[in-house]
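Written out below as structure tokens is the structure these notes cover.
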Amino acid sequence: MFGRVALLLNDVRPLRWTCLMIAASLMAGLVFETGLVAAEKKSQPNIVLIMADDLGYECLEVNGGSSYETPRLNEMAAEGMRFTRCHSQPICTPTRVQIMTGLYNQRNYVRFGLLEPSQTTFAHVLKKNGYRTCIAGKWQLEGGLEGPHHFGFDEYCLWQLTRRPSRYPNPGLEVNGEEIDYPGGYGPDVVNEYFCDFIEKNSEGPFLVYYPMILPHWPFEPTPDSEEWDPKSPGANNSQKNPEFFVDMVNYTDKMVGQVLDQLDETGIRDNTLVLFTGDNGAATSVTSVLDGETYKGGKGSPTRQGMHVPLIASWPGTIEQGAVNGNLIDFTDVFPTLLDVAGVKAPKKLDLDGLSFHSQLVGNEGPVRDSIYCWYARNGGKTGVEFAQGRTFKLYRDGRYYNIEEDWKEKQPLNVENLSGEAADAHQKLQAVLDRYEGTRVMLADPAAKADAGSSKQEKQKTKKKKNEKASS
Numbered sequence: 068m069f070g071r072v073a074l075l076l077n078d079v080r081p082l083r084w085t086c087l088m089i090a091a092s093l094m095a096g097l098v099f100e101t102g103l104v105a106a107e108k109k110s111q112p113n114i115v116l117i118m119a120d121d122l123g124y125e126c127l128e129v130n131g132g133s134s135y136e137t138p139r140l141n142e143m144a145a146e147g148m149r150f151t152r153c154h155s156q157p158i159c160t161p162t163r164v165q166i167m168t169g170l171y172n173q174r175n176y177v178r179f180g181l182l183e184p185s186q187t188t189f190a191h192v193l194k195k196n197g198y199r200t201c202i203a204g205k206w207q208l209e210g211g212l213e214g215p216h217h218f219g220f221d222e223y224c225l226w227q228l229t230r231r232p233s234r235y236p237n238p239g240l241e242v243n244g245e246e247i248d249y250p251g252g253y254g255p256d257v258v259n260e261y262f263c264d265f266i267e268k269n270s271e272g273p274f275l276v277y278y279p280m281i282l283p284h285w286p287f288e289p290t291p292d293s294e295e296w297d298p299k300s301p302g303a304n305n306s307q308k309n310p311e312f313f314v315d316m317v318n319y320t321d322k323m324v325g326q327v328l329d330q331l332d333e334t335g336i337r338d339n340t341l342v343l344f345t346g347d348n349g350a351a352t353s354v355t356s357v358l359d360g361e362t363y364k365g366g367k368g369s370p371t372r373q374g375m376h377v378p379l380i381a382s383w384p385g386t387i388e389q390g391a392v393n394g395n396l397i398d399f400t401d402v403f404p405t406l407l408d409v410a411g412v413k414a415p416k417k418l419d420l421d422g423l424s425f426h427s428q429l430v431g432n433e434g435p436v437r438d439s440i441y442c443w444y445a446r447n448g449g450k451t452g453v454e455f456a457q458g459r460t461f462k463l464y465r466d467g468r469y470y471n472i473e474e475d476w477k478e479k480q481p482l483n484v485e486n487l488s489g490e491a492a493d494a495h496q497k498l499q500a501v502l503d504r505y506e507g508t509r510v511m512l513a514d515p516a517a518k519a520d521a522g523s524s525k526q527e528k529q530k531t532k533k534k535k536n537e538k539a540s541s
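For the sequence shown, the residue numbers in the working numbering are 68 to 541.
Below you can see the structure in the form of structure tokens.
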């Protein structure tokens, strides 16, 4: 019997070691797999999307402008890729809705100052795929203090979320659920510091920071770098007076971008970060600049080159070829799918994005390129808007107006469509096909404010009816 027990013990010993070896192998595999996941997570690049407010293409020196000093943006273009045919929407909210959702305005635009609550943003998708998300700057999309969280942002530091105090000297901002005033401060500085602090705290990545800047939108007033700067100023009213200060404000915009680039360098993550810089629409109509030696009037609000032609610079050291100039067409629906491609994330099929990713263009690979862009624009929403399709040379409106925008970029002399030939005739046919594709696609979404008003009115009626009944019964 004792021999049998000894035999069993001898049998168990190798079995125990076998189990231990298997367990060790499994643990090693788990550690290896975890290491792969960590490496994959770390390999996902950080994304910084900066969008200046009312900064047209003509405002950058690197684009041929000579009215402003933009050395850091010049540097950013020299280190990366500069696009010469990028187009926004003509004014603030339509652009913000389009860039965040990747959809043309006829599909989801309700009215000025609102992002319809059911919309999915690039922040939603990237957050779901492991990105830490932050928005800093100007909001203008309603939703209350929970609005930015609702649309996929983990953190925020914003102006025009729940109120509209001064945005420049002595600003009032909303920061992660609190309304905070900054006596003696300067709004863009406060936002930039928050932005840079977020980058430092989340340097392990991956992170997405969307930076819809406050600058250089009116009111035009001194910056801390201006001789006229007054830290005790209550802030100017919301007008376009004193456009001479626009120069200082554009220069300060460039300075703010430079601070962000410096923060990425200091944190050691610049090479693993894609930085995109653009503007939300053309400069204010009260601003006249010089572009390629000629005067160029701001065209904000106009569906023309002056209102929609904006800068776009992409910087990603070691990934994007230095000093590249890209003349392909880009519109703001393209940003959403590009950010997803950069992150290695697939768009949910239900979104049916309108944009075309330009990621392949950034990294020097062959890929799809636009031959046209489409626009539906109505500042205050409604059933109809200004519609057009545009190529590199020609532009066709829904109402039939047709222009050679290379020769007539101010759109003063429409072409006679009855006598077209050659390139003009071919382009007209292609652009008409684009308009036909989008005909009848306007979607009328409900305004949540209207719902709230209707609910309030219904409650008031019910209260009135109840009081009448109580009075009658007494």
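Beta carbons are placed, not taken as given, at the ideal position from N, Cα and C, and that holds for glycine.
Problem set entry | Unbroken alpha helix (DSSP H) run spanning GLY489, endpoints | Residue mapping note: residue 489 aligns to position 422 of the sequence shown, counting from 1. GLY489 -> alpha helix (DSSP H) spans 489-505.
Problem set entry | ASP338, DSSP secondary structure in three states | In the sequence shown, residue 338 corresponds to position 271, counting from 1. DSSP places ASP338 in helix when its eight states are reduced to three.
Problem set entry | Among THR400, GLY254, PRO415, nearest to TYR319 - alpha-carbon criterion | Against the sequence shown, residue 319 aligns to sequence position 252. Nearest C-alpha to TYR319: GLY254.
For this session: Grab me the residues of ARG199's own chain with a C-beta within less than 7 Å of its C-beta, minus the 5 sequence neighbours each way, in chain order.
Result: Numbered from 1 along the sequence shown, position 132 holds the residue referred to as residue 199. Excluding positions up to five away in sequence, the list reads ASP221, ASN269, PHE274.
Exercise. Which of the three DSSP states, helix, strand or coil, is assigned to ASN259?
Worked result: Your numbering for residue 259 matches position 192 in the sequence shown. In this structure, ASN259 counts as helix in the three-state DSSP scheme.
Problem set entry | Own chain residues within Cβ distance below 6 Å of LYS477, not counting five before or after | Numbered from 1 along the sequence shown, position 410 holds the residue referred to as residue 477. Within the same chain, LYS477 has no close Cβ partners at all.
Exercise. Less than 7 Å separating the beta-carbons of HIS376 and TYR124?
Worked result: In the sequence shown, counting from the first residue as 1, residue 376 sits at position 309. In the sequence shown, counting from the first residue as 1, residue 124 sits at position 57. Yes, these two residues count as a Cβ contact at 7 Å.
Exercise. In the structure shown, what three-state DSSP assignment does SER382 receive?
Worked result: Start at 1 with the first residue of the sequence shown, and residue 382 comes out as number 315. If DSSP states are grouped into helix, strand and coil, SER382 belongs with the strands.
Problem set entry | Residues near PRO310 in its chain [Cβ-Cβ closer than 6 Å; skip 5 each side] | The residue given as residue 310 occupies position 243 in the sequence shown. Excluding residues within five positions, the ones whose Cβ falls inside 6 Å are PHE287, SER353, VAL354.
For this session: Ignore the nearest five residues each way along the sequence and tell me which others in SER382's own chain have a CB closer than 7 Å to its CB.
Result: Start at 1 with the first residue of the sequence shown, and residue 382 comes out as number 315. Answer for SER382: MET143, GLU146, GLY147, VAL342, listed in chain order.
Exercise. How many angstroms separate the CA atom of LEU208 from the CA atom of LEU487?
Worked result: By one-based count along the sequence shown, residue 208 stands at place 141. By one-based count along the sequence shown, residue 487 stands at place 420. Approximately 44 Å, taken between the alpha carbons.
Exercise. From ARG446 to THR160, what distance separates their C-alpha atoms?
Worked result: Residue 446 sits at position 379 when you count from the first residue of the sequence shown. Residue 160 sits at position 93 when you count from the first residue of the sequence shown. The straight-line gap from Cα to Cα measures roughly 8 Å.
Exercise. Name the DSSP beta bridge partners of VAL115, please?
Worked result: Translated into positions along the sequence shown, residue 115 becomes position 48. In DSSP, VAL115 forms a bridge with VAL276, VAL342.
Exercise. Can GLU267 and THR162 be called in contact, C-beta distance under 7 Å?
Worked result: Within the sequence shown, numbered from 1, the residue matching residue 267 stands at position 200. Within the sequence shown, numbered from 1, the residue matching residue 162 stands at position 95. No, they are not a contact pair.
Problem set entry | Burial state of ARG139, where buried means 16 or more other Cβ atoms lie within 10 Å | Translated into the one-based positions of the sequence shown, residue 139 becomes position 72. Around the Cβ of ARG139, a 10 Å sphere holds 16 or more other Cβ atoms; the residue is buried.
Exercise. Can you tell which of LEU396, GLN457, GLY434 has the C-alpha that lies nearest to the C-alpha of LEU379?
Worked result: Mapped onto the sequence shown, residue 379 falls at position 312. Among LEU396, GLN457, GLY434, the Cα nearest to that of LEU379 belongs to LEU396.
For this session: Taking only the alpha-carbon atoms, compute the straight-line gap between ASP315 and PRO232 and give it to the nearest angstrom.
Result: To locate residue 315, count along the sequence shown from 1; it is residue 248. To locate residue 232, count along the sequence shown from 1; it is residue 165. C-alpha separation (whole angstroms): 21 Å.
Problem set entry | Per-residue burial, ILE57 [other beta carbons within 10 Å of its own, 16 or more giving buried] | Within the shown structure, residues of the chain are numbered from 68 to 541, placing residue 57 beyond reach of any answer.
Exercise. Going by the CB atoms, is the gap between GLY422 and TYR176 shorter than 7 Å?
Worked result: The residue given as residue 176 occupies position 109 in the sequence shown. The residue given as residue 422 occupies position 355 in the sequence shown. No, these two residues do not count as a Cβ contact at 7 Å.
For this session: Pull up the CB-CB distance for GLU454 and ARG465, whole angstroms please, since I reckon it's below 8 Å.
Result: As a first step, residue 454 is located in the sequence shown; it is residue number 387 there, counting from the start. As a first step, residue 465 is located in the sequence shown; it is residue number 398 there, counting from the start. The pair is a contact, with the Cβ atoms about 4 Å apart (cut-off 8 Å).
For this session: Less than 8 Å between the CB atoms is what I'm expecting for GLY204 and TYR135, so what's the real figure, rounded?
Result: Along the sequence shown, read from residue 1 onward, the residue named residue 204 stands at position 137. Along the sequence shown, read from residue 1 onward, the residue named residue 135 stands at position 68. Going by Cβ atoms, the distance from GLY204 to TYR135 rounds to 20 Å, so no, they are not a contact pair.
For this session: Determine the burial state of MET167: buried for a count of at least 16 other Cβ atoms within 10 Å of its Cβ, exposed for fewer.
Result: What you label residue 167 is simply residue 100 of the sequence shown in a count that begins at 1. Per the 10 Å Cβ criterion, buried.
For this session: Might you give, ordered along the chain, the residues of its own chain that have their beta carbon closer than 8 Å to the beta carbon of GLN592, omitting 5 neighbours on each side?
Result: Since the first and last residues shown for the chain are 68 and 541, residue 592 lies out of range.
Exercise. What is the DSSP secondary structure of GLU433, reduced to helix, strand or coil?
Worked result: To locate residue 433, count along the sequence shown from 1; it is residue 366. It is coil, neither helix nor strand.
Problem set entry | GLY374: first and last residue of the uninterrupted alpha helix (DSSP H) it sits in | For the purposes of this step, residue 374 is taken as residue 307 along the sequence shown, with counting starting at 1. It spans 372-375 - the alpha helix (DSSP H) in which GLY374 sits, taken as one unbroken run.
For this session: Name the one or two DSSP bridge partners that LYS194 has.
Result: By 1-based counting over the sequence shown, the position of residue 194 is 127. Looking at the DSSP assignment, LYS194 forms no beta bridge with any residue, so it has no partner.
Exercise. Under a Cβ-count criterion, where at least 16 other Cβ atoms within 10 Å of its own Cβ denotes burial, should LEU74 be classed as buried or exposed?
Worked result: The residue you call residue 74 lines up with position 7 of the sequence shown. With a pLDDT of only 32 at LEU74, under 50, the local geometry of the prediction cannot be trusted, and the value read off the model is given with reservation. It is exposed - the Cβ of LEU74 has fewer than 16 other Cβ atoms within 10 Å.
Problem set entry | 7 Å Cβ cutoff met for TYR441 and VAL501 | Residue 441 sits at position 374 when you count from the first residue of the sequence shown. Residue 501 sits at position 434 when you count from the first residue of the sequence shown. Against a cut-off of 7 Å, the Cβ pair of VAL501 and TYR441 comes out as a contact.
Problem set entry | Simplified DSSP state of ASP398, which is helix, strand or coil | Position 331 of the sequence shown, counted from the start, is the residue given in the question as residue 398. If DSSP states are grouped into helix, strand and coil, ASP398 belongs with the strands.
Problem set entry | PRO238 vs TYR223 beta-carbon contact at 7 Å | Sequence index remark: in the sequence shown, residue 238 carries index 171 (1-based). Sequence index remark: in the sequence shown, residue 223 carries index 156 (1-based). No; because the gap between Cβ atoms is not below 7 Å, this pair is not in contact.
For this session: Enumerate in chain order the residues of its own chain whose CB-to-CB distance from ASP338 is below 6 Å, with the five nearest sequence positions on each side excluded.
Result: Numbered from 1 along the sequence shown, position 271 holds the residue referred to as residue 338. Excluding positions up to five away in sequence, the list reads PRO384, GLY385.
Exercise. Between GLY131 and ASP359, which are expected to be in contact by the criterion C-beta below 8 Å, what is the C-beta distance as a whole number of angstroms?
Worked result: As a working mapping, residue 131 is identified with position 64 in the sequence shown. As a working mapping, residue 359 is identified with position 292 in the sequence shown. Indeed, because the Cβ distance is near 4 Å, the residues count as touching under 8 Å.
For this session: May I have the straight-line CA-CA distance separating PRO301 from LEU193, to the nearest angstrom?
Result: Here residue 301 refers to the residue found at position 234 of the sequence shown. Here residue 193 refers to the residue found at position 126 of the sequence shown. Each residue's alpha carbon lies about 39 Å from the other.
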